[in-house]
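Student: Have a look at this one before I ask anything.
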Amino acid sequence: MTVQWYPGHMTKTRRMMEAHMKLVDLVIELLDARVPLSSKNPDLETLTKNKPRLIILTKADMADAKQTARWEDHFRRSGFFTLALDLKAGKQKNMTARVTALVQQIMAEKLESKRKKGRLSAPIRAMVAGIPNVGKSTFINLLAGKAVTATADKPGVTRGRQWINVRTAHKQTPGKLGDIPFAGFDLMDTPGVLWPKFEDPDVGLRLAVTGAVSDLILDRITLAEHLIMMLGDAAPEAINARYRLPAADESVNTKNPRDILTGVGEARGFKMKGGAIDLERTAIMLLDEFRGGKLGRITLELP
Ligand code: G4P
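The sequence shown maps to residues 1 to 303 in the numbering used here.
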């Protein structure tokens with residue numbers, strides 16, 4: 001199955017990002033910790049040109065903690081400041097202070113030169129970029145200390161571009177650069193954007209099972225079968241642990257995704273009139289539960 005999804009508004013978004021790149025000092029790139037490579041927009045490499053970049057791995061609460069630590073290490077070794085976050089627990093974990101400290105470090109030189117010119121009152125400007133549903137609104141709302149963006153419930157819903165002020169909502173973090181005053185930073189929100197063609201078909205599938213690509217363009221049963229195959233590699237015990245397949249024995253071929261999907265439907269009692277298993281309903285439930293983290297903390301691609 002090949003997944004391709006690049007609606008027209010994404011072309012516009014890409015153009016907007018390109019045009020506004022000169023206005024920003026750095027780019028905060030959000031990646032999904034469960035699929036850090038597949039959720040990395042290759043277009044952004046060209047778009048960001050030489051802008052400094054902070055990589056935030058979102059949804060760390062749904063990914064395998066050990067693998068997330070490896071991914072953080074991977075990106076740091078590639079020269080990026082990187083931070084893994086559970087955005088839903090952001091407030092408790094002092095998230096804003098940690099992000100601010102990193103922005104200060106990334107911008108150290110620029111802040112120093114501003115200080116020399118006596119222009120420290122101007123805030124640092126950051127563009128927040130990432131694929132649909134990666135957590136951009138949640139991230140911005142947490143940093144701004146209030147709900148400033150409407151969290152879209154469908155991937156790819158466009159929002160108006162806006163600047164969000166982070167400097168007043170939170171105290172500055174002294175950290176290592178405490179001697180350099182810091183006027184805080186402003187964030188530019190951008191709508192979720194993908195890229196025209198997934199070179200590797202697995203990338204499209206990973207983005208579909210994690211919910212970045214609209215479900216409406218896919219056959220959910222096939223997609224759920226792909227998820228089952230991915231779980232076979234990433235978390236072989238996850239399905240049986242959650243659904244306790246009625247026949248994890250001879251009658252279910254534990255290597256055959258259709259059999260496993262049928263077993264899950266049977267375990268949930270999803271029968272149609274006549275007794276056959278409702279595979280569509282089972283597939284929707286399985287995808288939903290995976291996306292909601294109910295199958296455990298699972299990372300689908302390894303560094
Ligand atoms: P976007 O702007 O990039 O499109 O993403 P958005 O912030 O709208 O987040 C998409 C969904 O992902 C939201 O769930 C949001 O709560 C969830 N989310 C974002 N970051 C994290 C995270 O770090 N951990 C977890 N577990 N979830 C995260 P939703 O179901 O659309 O909304 P709701 O259930 O929060 O109301």
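Where a beta carbon is used, it is the ideal one built from N, C-alpha and C, also for glycine.
Note that this is a predicted model, so its numbers are computed, not measured.
Take Ile298 as the anchor and find which of Lys40, Ser113, Pro123 and Pro36 has the nearest alpha-carbon.
Tutor: The candidate whose alpha carbon is nearest that of Ile298 is Pro36.
Student: Ignoring anything shorter than 4 residues, give me the alpha helix (DSSP H) runs that lie fully in the segment 43-92, in order along the chain.
Tutor: Listed in chain order, the complete alpha helix (DSSP H) runs (minimum 4 residues) inside the segment 43-92 are 65-77.
Student: In angstroms, rounded to a whole number, what distance separates the CA positions of Leu44 and Leu302?
Tutor: Roughly 21 Å between the two C-alpha positions.
Student: Our contact map puts Val34 next to Leu300 with C-beta atoms below 8 Å; I'd like the distance itself, whole angstroms only.
Tutor: The displayed chain sequence assigns Arg, not Val, to residue 34. Confirmed, Cβ separation roughly 5 Å.
Student: Less than 7 Å between C-beta atoms, sequence neighbours within five positions excluded: which residues of the same chain meet that for Glu225?
Tutor: Excluding residues within five positions, the ones whose Cβ falls inside 7 Å are Pro257, Arg258 and Leu261.
Student: Which residue marks the beginning of the alpha helix (DSSP H) containing Leu287, and which one marks its end?
Tutor: Its alpha helix (DSSP H) spans residues Leu279 to Arg291.
Student: Under 7 Å, do Val193 and Met127 count as touching if we go by C-beta distance?
Tutor: Against a cut-off of 7 Å, the Cβ pair of Met127 and Val193 comes out as no contact.
Student: Let me confirm a value: Lys271 is counted as buried when at least 16 other C-beta atoms fall within 10 Å, else exposed. Which label applies?
Tutor: Looking at its Cβ environment, which holds fewer than 16 other Cβ atoms inside 10 Å, Lys271 is exposed.
Student: Alpha carbons only, please: which of Ala235, Gly130, Ala234 and Thr222 is nearest the one belonging to Leu47?
Tutor: Checked all of Ala235, Gly130, Ala234 and Thr222; the closest Cα to Leu47 is Gly130.
Student: Could you tell me if the beta carbon of Lys88 falls within a distance shorter than 6 Å of some heavy atom in ligand 1?
Tutor: Yes, ligand 1 has a heavy atom inside 6 Å of this Cβ.
Student: Measuring alpha carbon to alpha carbon, tell me which of Arg220, Ile284 and Glu280 ends up nearest Val3.
Tutor: Comparing Cα-Cα distances from Val3 to each of Arg220, Ile284 and Glu280, the minimum goes to Arg220.
Student: From what residue to what residue does the alpha helix (DSSP H) around Leu30 run?
Tutor: Here Leu30 belongs to no alpha helix (DSSP H); instead the beta strand (DSSP E) covers Leu26 to Asp32.
Student: Please work out which residues of its chain come closer than 6 Å, Cβ to Cβ, to Ala283, disregarding the five sequence neighbours upstream and downstream, and give them in chain order.
Tutor: Arg220, Ile221 and Ala224.
Student: Do three or more CB pairs link the segment 17-25 to the segment 225-241 at distances below 8 Å?
Tutor: The answer is no - the segment 225-241 does not touch the segment 17-25, with fewer than three Cβ pairs under 8 Å.
Student: Check each candidate in Lys49, Leu207, Leu295 and Val213 and name the one with the smallest Cα separation from Lys22.
Tutor: Nearest of Lys49, Leu207, Leu295 and Val213 to Lys22, Cα basis: Lys49.
Student: Give the straight-line distance between the Cα atoms of Leu279 and Gly269, rounded to the nearest whole angstrom.
Tutor: Whole-angstrom Cα-Cα distance: 11 Å.
Student: So, with DSSP's three-state summary, where would you put Gln4?
Tutor: DSSP places Gln4 in coil when its eight states are reduced to three.
Student: Less than 7 Å separating the beta-carbons of Phe81 and Pro123?
Tutor: No, the Cβ-Cβ distance between Phe81 and Pro123 is not below 7 Å.
Student: DSSP three-state label for Pro303, please.
Tutor: DSSP places Pro303 in coil when its eight states are reduced to three.
Student: CB Val166 to CB Leu143, shorter than 7 Å?
Tutor: A contact, by the Cβ cut-off of 7 Å.
Student: Kindly examine ligand 1 and report whether one of its heavy atoms sits closer than 6 Å to the Cβ of Thr138.
Tutor: Checking every heavy atom of ligand 1 against the Cβ of Thr138, one is found closer than 6 Å.
Student: Go ahead and pull the three-state DSSP assignment for Asn165.
Tutor: Here Asn165 sits in strand by DSSP.
Student: Do Thr68 and Gly135 have their C-beta atoms closer together than 7 Å?
Tutor: It is not a contact, given that the beta carbons lie outside the stated cut-off.
Student: Going by other Cβ atoms of all chains shown within 10 Å of its Cβ, with 16 needed for buried, is Ala89 buried or exposed?
Tutor: Counting Cβ neighbours within 10 Å, Ala89 comes out exposed, since fewer than 16 surround it.
Student: Please indicate yes or no: does the CB of Thr82 lie closer than 6 Å to some heavy atom of ligand 1?
Tutor: Not under cutoff, so the answer is no.
Student: Quick one: does Val3 have its CB under 7 Å from some CB of chain C?
Tutor: Absent from the structure: chain C. Only one protein chain is present.
Student: Would you kindly report the start and end of the unbroken beta strand (DSSP E) that includes Leu187?
Tutor: Phe185 to Asp189 is the span of the beta strand (DSSP E), which, as asked, contains Leu187.
Student: Can you list, in chain order, the residues of its chain with a C-beta nearer than 7 Å to that of Val76? Leave out the 5 residues immediately preceding and following it.
Tutor: According to the sequence provided, residue 76 is Arg. The question's Val does not apply to it. The answer, listed in chain order, is Thr82.
Student: By the three-class DSSP mapping on this structure, what secondary structure does Gly204 have?
Tutor: Correct three-state label for Gly204: helix.
Student: Could you name the residues of the same chain whose beta carbon sits closer than 7 Å to that of Ala65, not counting the 5 residues immediately before and after it, in chain order?
Tutor: Same-chain partners within the cutoff: Arg297.
Student: Given a threshold of 16 other Cβ atoms within 10 Å of its Cβ, counted over all protein chains shown, does Asn94 qualify as buried or as exposed?
Tutor: Result: exposed.
Student: Pop quiz: Ala106 and Pro191 are said to be a contact at Cβ under 8 Å. What is the actual Cβ separation, rounded to whole angstroms?
Tutor: The sequence given here places Ile at residue 106; Ala does not occur at that position. Ile106 to Pro191, Cβ: 24 Å. No contact.
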